[in-house]
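Enquirer: So the protein sequences, as listed, match chains A and B. Heads up: the first sequence begins at 1 in the working numbering, then just goes up one per residue. Heads up: the second sequence begins at 215 in the working numbering, then just goes up one per residue.
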Amino acid sequence: MRVLLDTAMVLLVFTNLRLLGLSRINASIRTVAAQGVLLGLVALASHAGAWNARILLIAAVGIAIKGVAFPLLLFRALRAAKIRREVEPFLGYIPSVLAGVAAFLLSLGIAARLPLPGRPPSDLIVPTALTTMLVGLLVIVSRKKALSQALGYLVFENGIYVFGVGVAYEAPALVEMGVLLDVFVAVFVMGIIVFHIAREFDSIDTTRLATLKE
Amino acid sequence: MNASGLPALAASVLLAPLFLGVINRTKAAFAGRVGQPLFQVYFDLAKLIRKGAVYSRTTTWVFLLSPLVSLAATLVALLLLPQGGFPAALAFPGDFLLLIFVLATARFLSVIAALDVGSSFEGMGASREAAFSALAEPVLLLCLAVAAREAGRDSLTGIIGSVTGADWQRAGPALVLVAASLFAVLLAENARIPVDDPNTHLELTMIHEVMILDHGGPDLALLLYGSALKLWVMAALLAGFLLPGRTGSLVLDGLVFLAGMFTLAVAIGVVESTIARLRLHRVPQFLVGAGAFAVMALALIMR
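Spelled out as C-alpha cells, the structure:
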C-alpha cells in the first residue's frame, strides 16, 4: 500500500507541475479534475484494509464533486467568458515550473523538520500537501484570468485535504463534508462571478479591475 | 578492457539500424501503411556507401571530419555501456561523465560542420540543436546522477542493471520519474517527435535533418549509422536501467535485454505516431519538465 500511496503522491505533484506549465484553460481544468479524482483514491488508499461507510462516502462525494461537478461548472464559466488560454501570466510557464520544483524541495525540507502527532501513512504525504498548497497560492498570484485563479484556489484546498488525510485522518465525516460543501459553494459563486465579469467587461483579466477607480 | 563485453558490442553494432526499422514499421502500422522493409536502413547504408560524395568549395576539413568523429565518439560511448548481462568493455569510476562527454563531442562536431557549409538553413538548424541540447544534457546528467545514487556505484557497469525488484518496491516513484525523464531526453537527443521530426524536410522546422543536408554518399552513411547507434546507446541506457534483476545466465539476460530494447522501439514508434510535434518555443518547456522530474527523483532518493 505504501508504494501505491507514494505513487499517488508523485502523481499529485506531477498534476501540480502540469498545471503550472499549461496555458490553455480547458486543459488546466482537466488537470485539476484529475487531481480531484486522485485525491479520492488517496483517501481510499490511506485507509486500505479499514474501509468503512465514512471513508467510502468521503471518497465517493469527493470524486463526484471535484472530478465531475467542478469541471462542469468551470467549463460552463469558460464558455461564458469566451477565452481559451491564459495570456502573459505575471510569471512565465518555465519559471512557474521551476518554482513548482523549488516548492517541492522546500516542502521536503519543511516536512523533515515538522513535528507531527503520529506517523502519516506515507512519508510523502506532508511534502506533497505543502507543495500542493504552495502551487495553489502561486497560481492564484501569478495568473491573470479569474478562472485560473479559481483553479489555484481549488488546488490550494486540495493541498489542505491531502494534509488532512496524512495528519488528521480521524477528522469526523461531518467536518469533511462541511469543507466539501464550502468549496462547492465557493466554486459555484466563482463561476457566476466570472460569468458576470465576462458579460460586463468583455474580459476576465483581473489586472483590468485595477482601472475601476471610481 | 574487458573482452567478455565484446559479443554485446558486436550485437549492438549490427542491430542498431534494425532498431530504426522497428520504429519505422510501428509508425507505418499506426498510419495504416505496410511501411518500408524492416532492413531498409541497411539497404540505405549500402547504397550510400557505394556512392561518391560532392563537396562544396565553401567547406573545409571540418566538414570532412564531422561524420567520422561523430561515429567514432558514438562507438566510444558504446564501449562504456554494459548491455544485458554483459559488462562494458571499458569501466572505471565516473565513466558516465565520459559517456555524456563523447556524445557532446559528436554533437559539437556536427554543429560546427553545419556552420562550415555556409548555408543559412544549416546555421539555423545548428543554433537550434545547440540550444536544445544545452537543455537536454544537464537532464541526462541528473538522471545518471540519480541512477548512480540509487545504485550506490560510480561506474556504468555498476549503475546499469543494479535495480532490483526490492528497489522498485522501496523507491518506485523516483525510478518512474527518472525513467520518464530519460525517455524525454532520448526523444530530444535523437531528433524524434515531439522535439524534432526525423522525416520532415521542411527547412523552417527541421533541426537534426537540416544539419546534414549537405552531406552525401559515404559521409551521409556515416552520419545515418552514427545517429542509429546513438539512438541505440540512449535506448540501452533506459532499457538497462528499467529491467530489474539478473538471472545469471548470459543468454537469458541478453534475450531479456533485446526484448526490452525492441519493446522500447515500439514504444518510441507509438509516441511518435500519437503525439503531435511541439512548436519550437515549447521544446524548452518540454525539456525543463523532464529536468523537473529528474530533480524531484533526486530529492526523493536523497531524502
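Backbone N, C-alpha and C define an ideal beta-carbon position, used for all residues, glycine too. Since this is a predicted model, take the numbers as computed values, not measurements.
Does A:Ile94 have its Cβ less than 8 Å from a Cβ in chain B?
Expert: On the first sequence, residue 94 of chain A is found 94 positions in, with the first residue counted as 1. So, interface residue.
Enquirer: In angstroms, rounded to a whole number, what distance separates the CA positions of A:Arg263 and A:Gly191?
Expert: The displayed coordinates of chain A run from 1 to 214. Any statement about residue 263 of chain A would go beyond what the structure contains.
Enquirer: Tell me the rounded alpha-carbon separation between B:Leu311 and B:Ala291.
Expert: The residue labelled residue 311 of chain B in the question sits at position 97 within the second sequence. The residue labelled residue 291 of chain B in the question sits at position 77 within the second sequence. The alpha-carbon atoms of B:Leu311 and B:Ala291 are separated by roughly 10 Å.
Enquirer: For the alpha helix (DSSP H) holding B:Ile314, just list the boundary residues, first then last.
Expert: Sequence index remark: in the second sequence, residue 314 of chain B carries index 100 (1-based). That run of the alpha helix (DSSP H) goes 309–331.
Enquirer: Would you say B:Arg342 reaches chain A, if we count a Cβ-Cβ gap shorter than 8 Å as a contact?
Expert: For this step, residue 342 of chain B is matched to residue 128 along the second sequence. No - not a single Cβ of chain A is within 8 Å of the one on B:Arg342.
Enquirer: Can you check which of these residues, A:Thr132, A:Ala146, A:Phe163, is closest to A:Val13 by C-alpha distance?
Expert: Walking along the first sequence from the start, residue 13 of chain A turns up at place 13. Comparing Cα-Cα distances from A:Val13 to each of A:Thr132, A:Ala146, A:Phe163, the minimum goes to A:Thr132.
Enquirer: Could you compute how far the alpha carbon of B:Gln254 sits from the alpha carbon of B:Leu427?
Expert: Taking the first residue of the second sequence as 1, we reach residue 254 of chain B at position 40. Taking the first residue of the second sequence as 1, we reach residue 427 of chain B at position 213. Looking at the two C-alpha atoms, the distance is approximately 20 Å.
Enquirer: Does the segment 482–492 of chain B come within contact of the segment 389–406 of chain B, defined as at least 3 CB pairs closer than 8 Å?
Expert: At 8 Å Cβ cutoff, the stretches touch.
Enquirer: Closest Cβ-Cβ distance between A:Gly21 and chain B: below 8 Å?
Expert: Taking the first sequence and counting its residues from 1, one reaches residue 21 of chain A at position 21. For A:Gly21, the answer is yes, since a Cβ of chain B falls inside 8 Å of its Cβ.
Enquirer: Closest by CA to A:Leu11, which one among A:Trp51, A:Lys145, A:Ala129, A:Thr206?
Expert: Translated into the one-based positions of the first sequence, residue 11 of chain A becomes position 11. Measuring from the Cα of A:Leu11, the nearest candidate turns out to be A:Ala129.
Enquirer: For A:Leu106 and B:Ile421, what's the separation of their Cα atoms in angstroms?
Expert: Numbered from 1 along the first sequence, position 106 holds the residue referred to as residue 106 of chain A. Numbered from 1 along the second sequence, position 207 holds the residue referred to as residue 421 of chain B. Taking the straight line from one Cα to the other gives about 37 Å.
Enquirer: Could you check the C-alpha separation between B:His415 and B:Ile407 for me, to the nearest Å?
Expert: The count along the second sequence starts at 1 and reaches residue 415 of chain B at position 201. The count along the second sequence starts at 1 and reaches residue 407 of chain B at position 193. Distance between the alpha carbons of B:His415 and B:Ile407 is about 14 Å.
Enquirer: Which bits of chain A does B:Val360 rub up against, with CB to CB less than 7 Å?
Expert: As a first step, residue 360 of chain B must be located in the second sequence, where it is residue number 146. The contacting residues do not exist; B:Val360 stays about 14 Å from chain A at best.
Enquirer: Does the beta carbon of B:Ala513 come closer than 8 Å to any beta carbon on chain A?
Expert: Numbered from 1 along the second sequence, position 299 holds the residue referred to as residue 513 of chain B. Interface residue, yes.
Enquirer: What's the gap between the Cα of B:Ala468 and the Cα of B:Leu294?
Expert: One-based indexing of the second sequence puts residue 468 of chain B at position 254. One-based indexing of the second sequence puts residue 294 of chain B at position 80. Contrary to the premise, residue 468 of chain B reads as Gly rather than Ala in this sequence. Rounded to whole angstroms, B:Gly468 to B:Leu294 spans 17 Å at the Cα level.
Enquirer: Tell me, please, whether the CB atom of A:Gln138 is closer than 8 Å to any CB atom in chain B?
Expert: In the first sequence, counting from the first residue as 1, residue 138 of chain A sits at position 138. Going by the sequence as given, residue 138 of chain A is Leu instead of Gln. Not an interface residue.
Enquirer: What do you get for B:Ser218, buried or exposed, if any count of 16 or more other CB atoms within 10 angstroms of its CB means buried?
Expert: Numbered from 1 along the second sequence, position 4 holds the residue referred to as residue 218 of chain B. With fewer than 16 other Cβ atoms within 10 Å, it is exposed.
Enquirer: Are the C-beta atoms of A:Leu116 and some chain B residue less than 8 Å apart?
Expert: Translated into the one-based positions of the first sequence, residue 116 of chain A becomes position 116. It does not; no Cβ of chain B falls within 8 Å.
Enquirer: Mind checking whether B:Met475 and B:Ala449 have CB atoms under 8 Å apart?
Expert: Translated into positions along the second sequence, residue 475 of chain B becomes position 261. Translated into positions along the second sequence, residue 449 of chain B becomes position 235. Yes. Within cutoff.
Enquirer: Could you name the residues of the segment 81–107 of chain A whose beta carbon sits closer than 8 Å to any beta carbon of chain B, in the order they occur along the chain?
Expert: Listed by position, the residues of the segment 81–107 of chain A near chain B (Cβ gap below 8 Å) are Tyr93, Ile94, Val97, Leu98, Gly100, Val101, Phe104, Leu105.
Enquirer: For B:Gln383, does the count of other Cβ atoms within 10 angstroms reach 16, so buried, or fall short, so exposed?
Expert: In the second sequence, residue 383 of chain B corresponds to position 169, counting from 1. Flag for B:Gln383 reads exposed.
Enquirer: Got a sec? Which residues, its chain only, sit under 7 Å from B:Leu279 by beta carbon, not counting five neighbours each side?
Expert: To locate residue 279 of chain B, count along the second sequence from 1; it is residue 65. Here the set comprises Leu323.
Enquirer: For B:Phe253, name the three-state secondary structure that DSSP assigns.
Expert: Translated into positions along the second sequence, residue 253 of chain B becomes position 39. If DSSP states are grouped into helix, strand and coil, B:Phe253 belongs with coil.
Enquirer: With DSSP run on the structure shown, which of helix, strand or coil describes A:Lys82?
Expert: For the purposes of this step, residue 82 of chain A is identified with residue 82 of the first sequence, where counting begins at 1. Correct three-state label for A:Lys82: coil.
Enquirer: Whole angstroms is fine: what's the gap from B:Ser226's alpha carbon to B:Ala490's?
Expert: For this step, residue 226 of chain B is matched to residue 12 along the second sequence. For this step, residue 490 of chain B is matched to residue 276 along the second sequence. Their backbone Cα atoms lie some 30 Å apart in a straight line.
Enquirer: Around the Cβ of A:Lys66, are there at least 16 other Cβ atoms within 10 angstroms (buried) or fewer (exposed)?
Expert: In the first sequence, residue 66 of chain A corresponds to position 66, counting from 1. It counts as buried.
Enquirer: Could you give the residue range of the alpha helix (DSSP H) that holds B:Met448?
Expert: Stepping through the second sequence from its first residue, residue 448 of chain B is reached at position 234. Residues 431–456.
Enquirer: Quick one: is B:Leu456 near chain A, going by C-beta distance under 8 Å?
Expert: The residue you call residue 456 of chain B lines up with position 242 of the second sequence. No, no contact with chain A.
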